[in-house]
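Per numbering that gives the first Met the number 0, the sequence shown starts with residue 0, numbered consecutively.
All C-beta atoms in this analysis are idealised placements derived from N, C-alpha and C, irrespective of residue type, glycine included.
First up is the structure itself, then whatever we jot down about it.
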Amino acid sequence: MAYNLLKGKRGIIFGALDEKSMAWQIALKCFEEGATFTLSNAPIALRMGKINELSAACGNAVVIGADATSLEDLENVFTNSMEILGGKIDFVLHSIGMSPNVRKNIPYTETNYDNFLKTVDISALSFHKVMQSAMKLDALNEWASVVGLSYIAAQRTFPGYNDMSDAKALLESIARSFGFQYGFKKKVRVNTVSQSPTKTTAGSGVAGFDAFYHYAEKLSPLGNASAEECADYVVTLFSDLTRKVTMQNLFHDGGFSFTGVSTELVEQMMLNK
Ligand SMILES: NC(=O)c1ccc[n+]([C@@H]2O[C@H](COP(=O)([O-])OP(=O)(O)OC[C@H]3O[C@@H](n4cnc5c(N)ncnc54)[C@H](O)[C@@H]3O)[C@@H](O)[C@H]2O)c1
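Printed below as a string of C-alpha cells:
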C-alpha cells in the first residue's frame, strides 16, 4: 500500500546492482511513494548489472555512472541530477560496500593494507565524499535526508565480516560527524540504518554468511528484516515524518541487536551438549 510519503521529492539512489540489492528495493518503494530520482552505480556495475530494468520500473529514472571514491564523478552526479530532476535534492541513499580482502578471502589478521584502504575508501569515505560534494554544490534542500546502510559488526565482532567491520564503524561515525555539520548548516539529516543479514551479492560474499543469517533469524524476536522491509523503513527516513531524527545509527534487525540469547538457541545447545 502506498501513502504518497515522498510525493514531490527528488532523490539520488546509489548502489542498485540487481533485484536482490537493498538499493533496488528502496528505489522501487521510493517510486511507489511518489518520488522522482536518479540512479547511480560504478561504471563496471552498470555494465554487469541490470540497472536498466530498474530504471524502466521507476518511470525511466536516469542512470548516472560514478565511482563513489571519485569526487569528480560524485559532483557530476549531483550537478546532473539537479538538472534532470529540476531542482535541489531531498534524499540520498548510500548503499555501497566492497572489501577486496573479503573477496579474496584474506584473513583479518593477515590483511593486505592496500586492500584495506580500498575497503575503507569505497565503503566508508565515499559516504563523506557524497556529502562533501553535495555541500560544495549546495545540492540539498533544507530538511533533506541522507541515509547510509550499516551492519552490527560495527559494534560487535563477527569474524567473517573482516575489515568491513572497521569500515562500518567509520561509516557510522561519519554519519554523526557530518550530520552535526550539515544539521547546523542546512537542517539536513544524516543517519545510518543497521540492517539484518540479507541475501544480496555483497552480503553473500561474506565468509559464513549462511550460518549467521540463520543464527540471526533464530535470535531475533521478529526474525530477520528483508530488503523489502528495509525499503519500507528507509522511506520513512526520507519522508517528512522523521524530520528531527539525525546522527543516529538505527537498528533495523527484528530485535537482534538487543537480544542476548533465545529460548530456541538455548534448547538447541542443551541438545547438542
Ligand atoms: N546484505 C547484507 O547482509 C547487508 C547487511 C547490512 C548492511 N548492508 C549494506 O548494504 C549496502 C548495500 O549492499 P547490498 O547488500 O545491497 O549488496 P549489493 O552488492 O547489491 O550492493 C553493493 C553496491 O555497492 C556498489 N559499489 C561497489 N563499489 C563501488 C564503487 N567504487 N562506486 C560505486 N558503487 C560501488 C556495487 O556496485 C553494488 O551496487 C552495503 O553498504 C552493505 O554493506 C548489507
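Nearest-angstrom Cα distance between residue i and residue j?
{"i": "Asn75", "j": "Val119", "result": "22 angstroms"}
{"i": "Ala60", "j": "Thr37", "result": "5 angstroms"}
{"i": "Leu84", "j": "Asp165", "result": "35 angstroms"}
{"i": "Ala41", "j": "Gly7", "result": "27 angstroms"}
{"i": "Ser69", "j": "Ala26", "result": "23 angstroms"}
{"i": "Ser20", "j": "Gly58", "result": "19 angstroms"}
{"i": "Ile105", "j": "Glu141", "result": "43 angstroms"}
{"i": "Ala65", "j": "Ala15", "result": "12 angstroms"}
{"i": "Leu249", "j": "Asn190", "result": "7 angstroms"}
{"i": "Val62", "j": "Val260", "result": "44 angstroms"}
{"i": "Ala206", "j": "Asn161", "result": "9 angstroms"}
{"i": "Phe30", "j": "Leu218", "result": "33 angstroms"}
{"i": "Asp72", "j": "Thr35", "result": "21 angstroms"}
{"i": "Thr78", "j": "Leu53", "result": "22 angstroms"}
{"i": "Gly96", "j": "Ala201", "result": "7 angstroms"}
{"i": "Ala1", "j": "Pro196", "result": "26 angstroms"}
{"i": "Gly204", "j": "Gly159", "result": "10 angstroms"}
{"i": "Gln111", "j": "Leu170", "result": "It is Asn, not Gln, that sits at residue 111 in the sequence shown. Those two C-alpha atoms are separated by around 20 angstroms."}
{"i": "Val234", "j": "Glu266", "result": "38 angstroms"}
{"i": "Thr108", "j": "Ile151", "result": "20 angstroms"}
{"i": "Leu5", "j": "Val129", "result": "21 angstroms"}
{"i": "Ile11", "j": "Lys103", "result": "31 angstroms"}
{"i": "Ser39", "j": "Ala153", "result": "26 angstroms"}
{"i": "Lys289", "j": "Asn3", "result": "The chain is shown only over 0 to 272; residue 289 falls outside these bounds and no answer can be derived."}
{"i": "Tyr232", "j": "Gln24", "result": "11 angstroms"}
{"i": "Ala143", "j": "Ala67", "result": "20 angstroms"}
{"i": "His213", "j": "His127", "result": "33 angstroms"}
{"i": "Asn51", "j": "Ser149", "result": "26 angstroms"}
{"i": "Phe208", "j": "Ser98", "result": "15 angstroms"}
{"i": "Phe13", "j": "Asp113", "result": "24 angstroms"}
{"i": "Arg46", "j": "Ala56", "result": "18 angstroms"}
{"i": "Leu240", "j": "Gly222", "result": "26 angstroms"}
{"i": "Leu116", "j": "Val101", "result": "13 angstroms"}
{"i": "Asp89", "j": "Thr245", "result": "15 angstroms"}
Can you name the residues that DSSP bridges to residue i?
{"i": "Gln194", "result": "His251"}
{"i": "Leu139", "result": "Ile88"}
{"i": "Arg9", "result": "Thr35"}
{"i": "Thr188", "result": "Sequence check: residue 188 is Arg here, not Thr. Beta-bridge pairing links Arg188 to Ser144."}
{"i": "Val76", "result": "Answer is none; Val76 lacks a bridge partner."}
{"i": "Ile63", "result": "Ser39"}
{"i": "Ser149", "result": "Ser193"}
{"i": "His93", "result": "Phe13, Gly147"}
Kindly indicate which residue of the options has the alpha-carbon position closest to the one of residue i.
{"i": "Val192", "options": "Asp162, Phe115, Trp142, His93", "result": "His93"}
{"i": "Arg175", "options": "Met163, Glu18, Gly147", "result": "Gly147"}
{"i": "Phe273", "options": "Leu53, Trp23, Lys243", "result": "No answer is possible for residue 273: it lies beyond the span of the chain, which begins at 0 and ends at 272."}
{"i": "Ala22", "options": "Met81, Val91, Met0", "result": "Val91"}
{"i": "Ser132", "options": "Gly48, Lys28, Met81, Val265", "result": "Met81"}
{"i": "Thr258", "options": "Ala215, Gly33, Glu109", "result": "Ala215"}
{"i": "Ser172", "options": "Glu263, Gly159, Leu124, Glu109", "result": "Leu124"}
{"i": "Glu263", "options": "Pro220, Phe77, Ile11, Thr200", "result": "Pro220"}
{"i": "Thr156", "options": "Phe211, Ile88, Ser238, Thr235", "result": "Phe211"}
{"i": "Gln194", "options": "Ala224, Lys28, Phe177", "result": "Ala224"}
{"i": "Phe237", "options": "Val145, Gly222, Thr199", "result": "Val145"}
{"i": "Asp17", "options": "Thr241, Ile43, Thr199, Met246", "result": "Thr199"}
{"i": "Glu32", "options": "Arg9, Ala44, Leu116, Arg46", "result": "Arg9"}
{"i": "Gly86", "options": "Leu116, Ala138, Gly48", "result": "Ala138"}
Original post:
Can we say the stretch 215-228 touches the stretch 174-187, given the rule of at least three CB pairs closer than 8 angstroms?
Top reply: Taking a cut-off of 8 angstroms on C-beta distances, the stretch 215-228 does not touch the stretch 174-187, as fewer than three cross pairs fall below it.
Original post:
At a cut of 8 angstroms, does the stretch 245-253 reach the stretch 262-270 through at least three beta carbon pairs?
Top reply: no
Subject >> Sufficient close CB pairs (3 or more, under 8 angstroms) joining the stretch 120-136 to the stretch 154-171 >> reply: yes
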